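Residues in the sequence shown are numbered from 1 upward in steps of one, following full-length UniProt numbering.
Just so it is clear, CB atoms sit at the ideal spot from N, CA and C, and this is done for glycine as well.
Since the model is a prediction, treat every value here as computed from it, not as a measurement.
Everything below concerns the one structure shown next.
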Amino acid sequence: MLEKNISFIVDEWQFMPNEGQIQFADSCITIDNRLTKLLEFLCLNPGLTHTRDELIEEVWSGSVLTDQVVTQAVFELRKVLKTHSKRTSSYIVTVPKRGYRFDGEVRVEKVELQKPDFLKPALQKTEQLDVNERQSTPEDKEFVKREDREEGYVKPPENSPRNRKLHYILAFLAVVIVLQSSYMWFSQNKQSPSQASSAHSLSHYEFRYVVLNVTEEVKAQPELYGIVIKLIEHIGFYSNIRVVKSDEHKKLAAIEFNISTAKSSDGKKTRLLVKYVNRASGGVHLNRRYSTNFARFHETFPAMIDDLLRAMYIDVPEEELQRNISVFPQDKESVKALMSATGVSYSTVDFDMALKYFREARALAPDNAYAISVSYISEVLAVFSKDEENIQPRIKALNEQYSSSLSAILKRGNNPRVCEANAILALSQSDPDKALQILLSIPYNQHTPLTYLLMAKAEEARGHITGAKELYLQATQNTSSPIALTLAGPLFFDSNLDKLIEQLQGVKLDVDGK
Numbered sequence: 001m002l003e004k005n006i007s008f009i010v011d012e013w014q015f016m017p018n019e020g021q022i023q024f025a026d027s028c029i030t031i032d033n034r035l036t037k038l039l040e041f042l043c044l045n046p047g048l049t050h051t052r053d054e055l056i057e058e059v060w061s062g063s064v065l066t067d068q069v070v071t072q073a074v075f076e077l078r079k080v081l082k083t084h085s086k087r088t089s090s091y092i093v094t095v096p097k098r099g100y101r102f103d104g105e106v107r108v109e110k111v112e113l114q115k116p117d118f119l120k121p122a123l124q125k126t127e128q129l130d131v132n133e134r135q136s137t138p139e140d141k142e143f144v145k146r147e148d149r150e151e152g153y154v155k156p157p158e159n160s161p162r163n164r165k166l167h168y169i170l171a172f173l174a175v176v177i178v179l180q181s182s183y184m185w186f187s188q189n190k191q192s193p194s195q196a197s198s199a200h201s202l203s204h205y206e207f208r209y210v211v212l213n214v215t216e217e218v219k220a221q222p223e224l225y226g227i228v229i230k231l232i233e234h235i236g237f238y239s240n241i242r243v244v245k246s247d248e249h250k251k252l253a254a255i256e257f258n259i260s261t262a263k264s265s266d267g268k269k270t271r272l273l274v275k276y277v278n279r280a281s282g283g284v285h286l287n288r289r290y291s292t293n294f295a296r297f298h299e300t301f302p303a304m305i306d307d308l309l310r311a312m313y314i315d316v317p318e319e320e321l322q323r324n325i326s327v328f329p330q331d332k333e334s335v336k337a338l339m340s341a342t343g344v345s346y347s348t349v350d351f352d353m354a355l356k357y358f359r360e361a362r363a364l365a366p367d368n369a370y371a372i373s374v375s376y377i378s379e380v381l382a383v384f385s386k387d388e389e390n391i392q393p394r395i396k397a398l399n400e401q402y403s404s405s406l407s408a409i410l411k412r413g414n415n416p417r418v419c420e421a422n423a424i425l426a427l428s429q430s431d432p433d434k435a436l437q438i439l440l441s442i443p444y445n446q447h448t449p450l451t452y453l454l455m456a457k458a459e460e461a462r463g464h465i466t467g468a469k470e471l472y473l474q475a476t477q478n479t480s481s482p483i484a485l486t487l488a489g490p491l492f493f494d495s496n497l498d499k500l501i502e503q504l505q506g507v508k509l510d511v512d513g514k
């Protein structure tokens, strides 16, 4: 807990949280408790980026229910700091897609508390008495005793009835005080088993971890499972969630997504039922059915994303959601084929079946940048995964078939899948510098496991082995499995990732075996 006389000094101004005041060079501003808590938290954590969810939890202990309150508080605090500081800076920097960061060097100092004037005489008198008492000699004490005797002072006998009665009373009072203190201590510290369990269960939750439960009925329909995979991918663009699979990590997860199928109200259509449960509170924040009609995909899919994000108290502008969804083809059969290919890739890792769906999607939407890109990516991965002797001729033929289309669609914009496809093209042509440059143009929050794998390959080709290892590990973060490394090993050139795979499998076995 922060001491009462602590202050924070940033540049020329001083912030005293317990007084709710900021002392600037030319003025002293008093801020309300809401802004005081926010500035105190930022001063305690300078240079760190905090999401709006973290601020709601850490600053206001969850009492704030909407991120609009956070945005308003940040706006007001920025205005105060920018108006009155010599630096004319708001100090609070917005980190796109991540949150806010306090940009300033903070020094913590104690404020000297002065004693009120009316207490000084009493304190001086007390100090003088203490000094005199310490300086008294045995002769002085003997003089006091003689003086007492001379004035007729008579010490009562120690065993007199009056003294014995006084001793009994004091002993009885001591016993009563001890018993009462013990009872109060026991009452305050005693916790029922349910209370102790509740405290423990709340303290261990990790709000980044998500348990994803998908029913077998959904997995059996690759187009529906593909929607689920893409839904989680897009939710990850705007939040820091991580889907966990090991039993140990699942115990820590505060968020649970349950995906299943349900019938429409007339019982004739299949719906995708999305349920969001917050394990910390036990609250169900979303329980809604969505159409599985691919003719309505561009209406339904952004609604699913928006509903889940709002349930997590994350507000994303509708235009941005629509922009990210617009990469998918308008043709309903093409979208269905793409979702089916994604579902097959994640459920069975059947490259031949996935390739069939990707080719179908491209044939149905030959001008769509997304369909072209994922088709090329799947073709290249399929070639390298089969470990055939004629890999290079096949890759060369694919490059001749796709290179002009990929270059053209890259100039139209940096759609992440388009960037990944062009990075693969560059790596297949032994140009890791170009590949890395293209990959770094992808917004950080839209990196996928494939993005990290391609970055790792590019760094390894450039001789940066340590950086490559770090990127290989990042590629496994959202899968909790080394399968991505198994696929990456023979890609473009042979990477010996066996040791890394063994280490990851060993960690997984240790975690699951606890």
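A direct Cα-to-Cα measurement between Tyr357 and Ser340 gives close to 7 Å.
Apart from sequence neighbours up to five positions away, the residues of its chain that approach Val335 with a beta-carbon distance below 7 Å are Phe294, Phe297, Phe328, Pro329, ordered along the chain.
Closest in C-alpha terms to Ile9, from the list Gly104, Arg52, Lys82, Leu321, comes Gly104. A distance below 6 Å between beta-carbons, with the five flanking residues on each side excluded, links Lys219 to the following residues of its chain, in chain order: Tyr225, Ser347. Close CB contacts of Tyr205 within its chain, under the 8 Å cut and outside five residues either way in sequence, are with Leu252, Ala253, Ala254, Arg279, Ala280 (chain order). Within its own chain, the residues whose Cβ lies closer than 7 Å to the Cβ of Pro302, once the five positions on either side in sequence are excluded, are Leu321, Gln322, Ile325, listed in chain order. In the three-state scheme derived from DSSP, where H, G and I count as helix and E and B as strand, Thr261 is classed as strand.
Taken atom to atom, the span from the alpha-carbon of Leu309 to that of Gln477 is near 21 Å. Membership of Val335 in the alpha helix (DSSP H) is indicated by the continuous run 332 to 347.
The criterion of a C-beta distance shorter than 8 Å is not satisfied by Pro432 and Arg394. Under a 10 Å Cβ-count criterion, Val244 is classified as buried, with 16 or more other Cβ atoms of the shown protein chains found around its own Cβ. Burial state of Pro416 is buried, judged by a 10 Å Cβ sphere holding 16 or more other Cβ atoms. In the structure shown, Gly20 falls within a coil segment according to DSSP collapsed to helix, strand and coil. Counting along the chain, Asn324 sits inside the alpha helix (DSSP H) bounded by residues 318 to 325. Two segments are said to touch when three or more pairs of C-beta atoms, one from each, lie closer than 8 Å; by this definition the segment 75 to 83 touches the segment 19 to 32. For Cys28, DSSP records a beta bridge to Gln23. Note that the segment 491 to 503 touches the segment 461 to 475; at least 3 beta-carbon pairs, one per stretch, sit closer than 8 Å. Within the DSSP bridge table, the entry for Lys110 names Ile6 as partners. As computed with DSSP, Glu256 is found in a beta bridge with Val211, Val277. A straight-line Cα-Cα distance of about 50 Å links Gly467 and Lys269. C-alpha of Glu19 to C-alpha of Ser89: approximately 23 Å in a straight line.
Tyr444 sits exposed, since fewer than 16 C-beta atoms from the chains shown fall within 10 Å of its C-beta. For Trp13, the pairing in a beta bridge is given by DSSP as Val10. Taking the Cβ atoms as the reference, Tyr376 lies roughly 5 Å from Ala421, within the contact range of under 8 Å. When only Cα atoms are considered, Val214 and Ile305 end up about 17 Å apart.
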